[in-house]
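According to the numbering used here, the residues represented by the sequence shown are 1313 to 1737, in order.
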Amino acid sequence: MTSTTTKKHTNLYENVGLQFNKAADLIQLDPDIRTILSKTENEIIVHFPVKMDNGHIEMFTGYRVQHNNVLGPFKGGLRFHPQVDINEVRALATWMTWKSAIAGIPFGGGKGGIQIDPSKYSAHELERISRRFTFALGSNIGPEYDIPAPDVNTNAQIMAWILDTYLSTLPATQRNSSVHVVTGKPIASGGSLGRDKATGQGVVFHILEWAKENNFNLEGAKYIVQGFGNVGSWSARILKPYGAILIAVEDHTGAIACEAGIDPEALAQHVAANGGVAGFPGTTPIDHETFLKTNAEIFIPAALENQITEETADWLKVKLVAEGANGPTDPDGDAILQKKGIALIPDILCNSGGVVVSYFEWLQNKRSEFWDLEEVDYKLKKKMVNAYHKVSEIARQHKTDFRTAAYVVALQALEKVYKERGLFP
Ligand code: GLU
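The structure is reproduced here in structure tokens:
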């Protein structure tokens, strides 16, 4: 993390540094531990060849950054997106360290990805790209060392290809005991019930805790969602029975609105069939600014980074921002939200349901168990509620915002372990 900042906070890794320093200053984090945590541990960049459907070879660039593993193996997703670069992956890996520490699960932080637009490749090409990336990473991943999972534009099928490729590189005697090398797998290949919806489910558990704590009635409350992929669509589907009304949605194909309410289930089906929210029957197309200026009470950003900024934070009229995405709010946006009195449940707390159920999947694989959905949901709820109240309590104690409080929870957990273990040699 560098201390120089650009005026517009577009460098995600610098944003992480600013957030980290604010919390470290607040609790006067041990300077040596601050030095350790300010750097990522390993940064792997691989360039690998893949044969395309037309018979020609294309070179791809893949990343895996491992930030810290003092609390447990490196853990975090792989994304396929043209915007993937080393700074983005460093930031995302670092957030995973904080996220796991806040949720109280024995994992460190890692993240990776490939710089591609997956919509430009056939399913067969994506399979070969995923497999060659896994092969190129080699022993940089492993079931007790670094465990990938789905993220933006990756899914259970891609995890199955990664699993199969990784296992194929092992001696036959080790294959069945290594299926926990990735999480977010299809159920039949060792996945967990509830993992697909887990991030959205966690977002909703956090919104429910916030509502309880603030005497906020969700029945009839209006909300808007940015991004209708895994996180956005599951959050909306799970919120529906609580009576909250979805009135606007935005994604890469445009934004749509309907005051009377948009049915999340029907919209999810429309997105699956058409690739995006645009053109959903019964809704009016609106522009980006109008979307963010919607008169609603809750905003769930569940797409990409740097959406709530110096420019756009002023537009928001909501009472609560629940961050389903990683890094949707930059430090300027954060400051404006605080000035406006808009509550925020930060990404490293709000979207940790995914990695928590990944942990459950990892445990089930290690123990050769298969939990039912009730058990997964019950255990996830317990983790989410505990984490929410730990952060809320710290925010009260230190009279600080929820993001900084969440960092404090993570930094104190890491500081404790470093102090107990000391540093080799
Ligand atoms: N990609 C998800 C995240 O950003 C899940 C990570 C995981 O399950 O390891 O939290």
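Backbone N, C-alpha and C fix where the C-beta goes; we use that ideal spot for every residue, glycine too.
Predicted model, so just to flag it, every value in this text is computed and none were measured.
Continuous alpha helix (DSSP H) stretch holding residue i: start and end
i	result
Gln-1538	Looking at the DSSP string, Gln-1538 is not in any alpha helix (DSSP H); the run it does join, the beta strand (DSSP E), is 1534-1538.
Glu-1439	1435-1449
Ala-1548	1542-1551
Thr-1511	1510-1525
Leu-1475	1468-1480
Leu-1632	Unbroken run through Leu-1632 is the beta strand (DSSP E), 1632-1634; no alpha helix (DSSP H).
Asn-1677	1665-1679
Asp-1342	Premise fails: Asp-1342 is in no alpha helix (DSSP H) and is neither H nor E.
beta-carbon residue i near the ligand GLU non-hydrogen atom, thresh 7 Å
i	result
Asp-1463	yes
Thr-1641	no
Val-1667	yes
Asn-1467	no
Asn-1381	no
Ser-1670	yes
Thr-1406	no
Gln-1712	Per the sequence shown, residue 1712 should be read as Thr rather than Gln. The answer is no for Thr-1712.
Thr-1352	no
Asn-1542	no
Thr-1373	no
Lys-1509	no
Gly-1587	no
Gly-1389	yes
Asn-1638	yes
Thr-1738	The chain is shown from 1313 up to 1737; residue 1738 falls before or after that span and cannot be answered.
Gly-1496	yes
Asn-1742	Residue coverage of the chain in this structure runs from 1313 to 1737, which leaves residue 1742 outside it and unanswerable.
Asn-1327	no
Asn-1663	yes
Secondary structure of residue i, DSSP reduced to three states
i	result
Gly-1329	helix
Val-1589	coil
His-1564	coil
Glu-1355	strand
Thr-1373	strand
Gln-1378	strand
Arg-1391	strand
Thr-1606	coil
Val-1493	helix
Asn-1323	coil
Phe-1386	strand
Ala-1655	strand
Ile-1417	coil
Ile-1453	coil
Gly-1422	strand
Pro-1737	coil
Thr-1318	Confidence at Thr-1318 is low in this model, with a pLDDT of 40, below 50, so the placement of that residue should be treated as unreliable; the coordinate-derived value is given next. DSSP places Thr-1318 in coil when its eight states are reduced to three.
Asn-1488	coil
Thr-1406	helix
Asp-1458	strand
Thr-1624	coil
Pro-1640	coil
Ala-1614	coil
Ala-1580	helix
Start and end residues, beta strand (DSSP E) containing residue i
i	result
Arg-1733	Looking at the DSSP string, Arg-1733 is not in any beta strand (DSSP E); the run it does join, the alpha helix (DSSP H), is 1714-1733.
Pro-1597	1596-1598
Ala-1707	Note, Ala-1707: premise wrong, no beta strand (DSSP E); alpha helix (DSSP H) at 1685-1710.
Cβ-Cβ separation, residue j to residue i (assumed contact under 8 Å), whole Å
i	j	result
Leu-1692	Ala-1510	7 Å
Leu-1349	Thr-1712	That belief does not hold up - the Cβ atoms of Leu-1349 and Thr-1712 are roughly 19 Å apart, past 8 Å.
Val-1292	Leu-1656	Residue 1292 lies beyond the residue range present for the chain, which begins at 1313 and ends at 1737; the question has no answer from this structure.
Phe-1603	Glu-1562	5 Å
Leu-1390	Pro-1460	5 Å
Gly-1374	Ile-1426	5 Å
Gly-1568	Thr-1595	The sequence given here places Ile at residue 1568; Gly does not occur at that position. Ile-1568 to Thr-1595, Cβ: 4 Å. Contact.
Residue i beta carbon near the ligand PLP (any heavy atom closer than 7 Å)
i	result
Lys-1411	Here the bound small molecules are the ligand GLU; the ligand PLP is not part of this structure.
Open item on the list: Is it the case that the stretch 1617-1631 contacts the stretch 1568-1581, given that we only count it when at least three CB pairs across the two stretches are under 8 Å?
Closed with: no
*Count the C-beta pairs between the stretch 1449-1463 and the stretch 1484-1501 that are closer than 8 Å, then say yes if the count reaches three, no if not.*
yes
- Query: On the three-pair Cβ rule with 8 Å, is the stretch 1480-1491 touching the stretch 1404-1418?
  - Reply: no
- Give a yes or no on contact between the stretch 1670-1690 and the stretch 1503-1522, applying the rule of three or more CB pairs nearer than 8 Å. yes
Self-check item: Contact between the stretch 1426-1443 and the stretch 1328-1345 (3+ Cβ pairs under 8 Å)
Solution: no
* Counting Cβ pairs closer than 8 Å, one from the stretch 1698-1709 and one from the stretch 1526-1543, do we hit at least three? -> no
Closer than 8 Å is the cut-off here; do at least three beta carbon pairs connect the stretch 1655-1669 with the stretch 1705-1725? yes
| message | Under 8 Å, with one C-beta from each stretch per pair, do the stretch 1576-1589 and the stretch 1545-1554 reach the 3-pair mark? | response | yes
- [ ] Check whether the stretch 1390-1410 touches the stretch 1364-1381, taking contact to mean three or more Cβ pairs, one atom from each stretch, closer than 8 Å.
- [x] yes
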